[in-house]
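Encoded as structure tokens, the structure appears first; notes follow it.
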Amino acid sequence: MEIDNLKQYNNTISCYDKAIQLNPNDAIAYNNKGTALQNINKYNNAIDCYDQAIQLNPNYANAYRNKGYLLTDIKNYQQAIENYKQAIKSCKSNQNEFRRLIIELIGLK
1 MEIDNLKQYN
11 NTISCYDKAI
21 QLNPNDAIAY
31 NNKGTALQNI
41 NKYNNAIDCY
51 DQAIQLNPNY
61 ANAYRNKGYL
71 LTDIKNYQQA
81 IENYKQAIKS
91 CKSNQNEFRR
101 LIIELIGLK
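Numbering (the UniProt record's numbering), first residue to last: 1 to 109.
Given below as structure tokens:
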């Protein structure tokens, strides 16, 4: 990873840290911070952020989906499938997202 990209991700993470400090119940900020951490291969920290987002909003499909993507990347397929299933349960009203998650899930089985 280029140094400039790493600096950009670190700046992004700092911004999400400030947002979380202002509103510690912001599931979206935790989810987005998790994505930034995942992009710089800080997988354990990213999982912690996704878990916090899920704890704050148990119906937040994006957090389950993003955690599923991360778990797929690290080849933890069983847990990835569980997160995709939970994301599907949480996003039945969004048909495009629902279809995409089904395709992800089928690809892992």
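Even glycine gets a Cβ: it sits at the ideal position worked out from N, Cα and C.
- Taking the Cα positions, Ala-87 is about 19 Å away from Tyr-43.
- The C-beta of Arg-65 has 16 or more other C-beta atoms within 10 Å across all chains shown, which makes the residue buried.
- By the criterion of a C-beta distance shorter than 7 Å, Asn-32 is surrounded in its chain by Tyr-16, once the five residues flanking it on both sides are discounted.
- A distance of 8 Å or more separates the beta carbons of Ile-47 and Tyr-9.
- For Cys-49, the enclosing alpha helix (DSSP H) begins and ends at 43-56.
- Counted as a single uninterrupted DSSP element, the stretch harbouring Asn-76 is not any alpha helix (DSSP H), since DSSP gives it neither H nor E.
- Around Gln-52, the same chain offers Tyr-30 as residues with beta carbons nearer than 6 Å, after the five sequence neighbours per side are excluded.
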